[in-house]
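**Q** Mind looking over this structure? Questions follow.
Number of protein chains: 6
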Amino acid sequence: MKISARNVLKGTVVSIDKGATTAHVKIEISPGQIVTASITNESVDSLKLVTGGPAYAVIKSSDVMVAVD
Amino acid sequence: MKISARNVLKGTVVSIDKGATTAHVKIEISPGQIVTASITNESVDSLKLVTGGPAYAVIKSSDVMVAVD
Amino acid sequence: MKISARNVLKGTVVSIDKGATTAHVKIEISPGQIVTASITNESVDSLKLVTGGPAYAVIKSSDVMVAVD
Amino acid sequence: MKISARNVLKGTVVSIDKGATTAHVKIEISPGQIVTASITNESVDSLKLVTGGPAYAVIKSSDVMVAVD
Amino acid sequence: MKISARNVLKGTVVSIDKGATTAHVKIEISPGQIVTASITNESVDSLKLVTGGPAYAVIKSSDVMVAVD
Amino acid sequence: MKISARNVLKGTVVSIDKGATTAHVKIEISPGQIVTASITNESVDSLKLVTGGPAYAVIKSSDVMVAVD
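Chains as they are written, first to last, in this note's numbering: chain A, 238 to 306; chain B, 238 to 306; chain C, 238 to 306; chain D, 238 to 306; chain E, 238 to 306; chain F, 238 to 306.
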């Protein structure tokens with residue numbers, strides 16, 4: 238499947254923290270650069286995500302903000 | 238200002254494409270890794286964004302999806 | 238690619254309206270039920286979307302609201 | 238109330254899964270086509286949602302992505 | 238229609254700026270406090286929005302971030 | 238840090254409700270006008286949010302809908 242989301246960042250799962258219904262998954266997309274995703278527990282299971290495994294962080298452009306110092 | 242968004246990725250603006258009301262800003266967050274942001278033209282002006290300048294891509298965790306091959 | 242987004246609705250592209258930077262794509266997911274997506278023109282080109290062609294509307298659960306009469 | 242969100246899909250609530258603060262509500266919008274919404278427990282109570290009851294899945298166009306095989 | 242979005246802020250439309258496909262609508266929700274919405278031109282027409290008219294800014298809780306100085 | 242999000246509403250934290258992984262934070266942005274944010278517990282700790290303390294509700298324009306009666 239090819240998706241319209243412009244941002245597909247390849248990385249490695251470094252942690253998975255499941256809550257009651259929502260999980261936080263951290264993906265290291267380059268050395269020291271971590272992206273946190275908040276997804277359903279259901280998705281964690283369905284994608285068979287495991288710490289140390291490969292994964293992509295996928296983000297729609299309209300959800301990216303820009304900031305400057 | 239410190240923000241709750243878990244993802245604040247430092248980089249360099251590599252292109253700014255202004256449309257009628259909406260602009261697409263590309264930020265290189267590590268060599269070859271580009272994040273595209275879709276923001277208002279008004280924000281581009283207000284932040285004084287310029288190609289080659291420093292900027293952060295800021296993303297709320299609930300807007301990050303995870304994918305696997 | 239398999240994605241964490243819980244909502245992947247199969248349908249047919251019924252219209253593509255490109256603006257200056259942002260396009261509106263309408264996908265019929267069941268007879269008479271249309272979903273509108275607002276995506277970048279760049280994505281329309283990259284996915285080679287055409288009216289009448291097959292496509293999925295993909296939506297993260299945290300972006301779905303619920304309403305009642 | 239009439240809302241700007243372009244996507245208002247009528248259906249029936251097929252399940253409600255409340256977590257600690259966040260609930261997952263599944264709405265069948267056509268036979269076999271389920272949309273999952275991740276909303277606050279507070280909203281589930283406020284809307285008096287019940288399994289088997291009618292409900293709309295409401296989605297802003299800028300939150301809809303498009304994918305192709 | 239009653240919606241799950243926790244944030245429904247009543248105000249007055251102070252400006253409407255239509256682009257090619259996307260419009261920016263500014264709503265004053267209390268004296269001097271303006272909220273900007275980026276919606277489709279189609280929605281502006283469908284809701285018959287006019288400068289000076291009443292309107293609500295509607296925001297899902299998962300789209301609200303928190304910041305401190 | 239200066240951010241592209243057009244909506245930065247100053248207020249006071251009136252409640253913090255931590256769940257398993259996700260917290261709901263209510264900010265009063267003008268007398269009687271409350272904005273609810275759904276953020277990670279991690280962010281609540283990182284920003285040292287406390288009831289009664291000052292905070293901003295930050296919202297990207299593309300996440301604001303408009304409604305009329």
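Quick reminder that beta carbons are idealized off the backbone N, C-alpha and C, glycines included.
Roughly how many angstroms lie between the CA atoms of Ser-275 of chain E and Thr-259 of chain E, to the nearest whole one?
**A** As a first step, residue 275 of chain E must be located in the fifth sequence, where it is residue number 38. As a first step, residue 259 of chain E must be located in the fifth sequence, where it is residue number 22. Cα to Cα, the separation comes out at about 7 Å.
**Q** Please confirm whether Ala-277 of chain D has its beta-carbon closer than 8 Å to some beta-carbon of chain A.
**A** Position 40 of the fourth sequence holds residue 277 of chain D. The displayed chain sequence assigns Thr, not Ala, to residue 277 of chain D. Thr-277 of chain D does not count as touching chain A.
**Q** Quick check on Val-262 of chain E: does DSSP put it in helix, strand or coil?
**A** Here residue 262 of chain E is taken as the residue at index 25 of the fifth sequence, counted from 1. Looking at Val-262 of chain E - three-state DSSP - the assignment turns out to be strand.
**Q** Whose C-alpha, out of E:Pro-268, E:Lys-263, E:Pro-291, is nearest the C-alpha of Lys-255 of chain E?
**A** Within the fifth sequence, the letter at position 18 stands for residue 255 of chain E. Of the listed residues, the one whose Cα sits closest to Lys-255 of chain E is E:Lys-263.
**Q** Taking buried to mean at least 16 other C-beta atoms within 10 Å of its own C-beta, is Asp-300 of chain B buried or exposed?
**A** What you label residue 300 of chain B is simply residue 63 of the second sequence in a count that begins at 1. Per the 10 Å Cβ criterion, buried.
**Q** For Val-272 of chain E, which of E:Val-287, E:Val-251, E:Val-281 has the nearest alpha-carbon?
**A** Mapped onto the fifth sequence, residue 272 of chain E falls at position 35. Checking every option, the nearest Cα to that of Val-272 of chain E belongs to E:Val-251.
**Q** On the CB-based measure, 16 or more other CB atoms within 10 Å of its CB, does Gly-289 of chain C come out buried or exposed?
**A** In the third sequence, the residue the question calls residue 289 of chain C occupies position 52. That one is exposed.
**Q** Would you say Leu-284 of chain E and Ile-266 of chain E are within 8 Å of each other, going by their C-beta atoms?
**A** Taking the fifth sequence and counting its residues from 1, the one referred to as residue 284 of chain E is at position 47. Taking the fifth sequence and counting its residues from 1, the one referred to as residue 266 of chain E is at position 29. No, the pair does not count as a contact, with Cβ atoms beyond the cut-off.
**Q** Can you tell which of C:Ser-298, C:Tyr-293, C:Val-303 has its C-alpha closest to the C-alpha of Thr-249 of chain C?
**A** The residue given as residue 249 of chain C occupies position 12 in the third sequence. Of the candidates C:Ser-298, C:Tyr-293, C:Val-303, the one whose C-alpha sits nearest the C-alpha of Thr-249 of chain C is C:Tyr-293.
**Q** Which of the residues in the segment 285-302 of chain A, read from start to end, lie with their CB under 7 Å from any CB of chain D?
**A** Answer in chain order: Lys-297, Ser-299.
**Q** Under a CB-based cut-off of 8 Å, is Ile-240 of chain D close to chain E?
**A** Along the fourth sequence, read from residue 1 onward, the residue named residue 240 of chain D stands at position 3. Yes, its Cβ sits closer than 8 Å to a Cβ of chain E.
**Q** Note down, in chain order, every chain D residue with its Cβ under 7 Å from the Cβ of Thr-259 of chain F.
**A** For the purposes of this step, residue 259 of chain F is taken as the residue at position 22 of the sixth sequence. The contacting residues are Thr-258, Thr-259.
**Q** Taking Cβ positions, are Val-305 of chain A and Pro-291 of chain B nearer each other than 8 Å?
**A** One-based indexing of the first sequence puts residue 305 of chain A at position 68. One-based indexing of the second sequence puts residue 291 of chain B at position 54. Yes.
**Q** Would Val-287 of chain A be called buried (16 or more neighbouring beta carbons within 10 Å of its own) or exposed?
**A** As a position in the first sequence, residue 287 of chain A is number 50, starting the count at 1. The residue is exposed, with fewer than 16 neighbouring Cβ atoms inside 10 Å.
**Q** Ser-280 of chain B versus chain F: which residues are under 9 Å apart at the beta carbon?
**A** What you label residue 280 of chain B is simply residue 43 of the second sequence in a count that begins at 1. The answer, in chain order, is Ile-240, Ser-241, Ala-242, Arg-243, Ser-298.
**Q** Where do the ends of the beta strand (DSSP E) carrying Asp-254 of chain E lie?
**A** Numbered from its first residue, the fifth sequence carries residue 254 of chain E at position 17. Here the beta strand (DSSP E) through Asp-254 of chain E covers 244-255.
**Q** Quick test of your reading: Lys-297 of chain C and Ala-257 of chain C, contact by CB under 8 Å. State the CB separation rounded to the nearest angstrom.
**A** Within the third sequence, the letter at position 60 stands for residue 297 of chain C. Within the third sequence, the letter at position 20 stands for residue 257 of chain C. Between Ala-257 of chain C and Lys-297 of chain C the Cβ distance is about 26 Å, and since that is not below 8 Å, they are no contact.
**Q** Just to confirm the assignment, what range does the alpha helix (DSSP H) spanning Ser-280 of chain E have?
**A** If you number the fifth sequence from 1, residue 280 of chain E lands on position 43. Taken as a continuous stretch (DSSP letters only), the alpha helix (DSSP H) holding Ser-280 of chain E covers 278-283.
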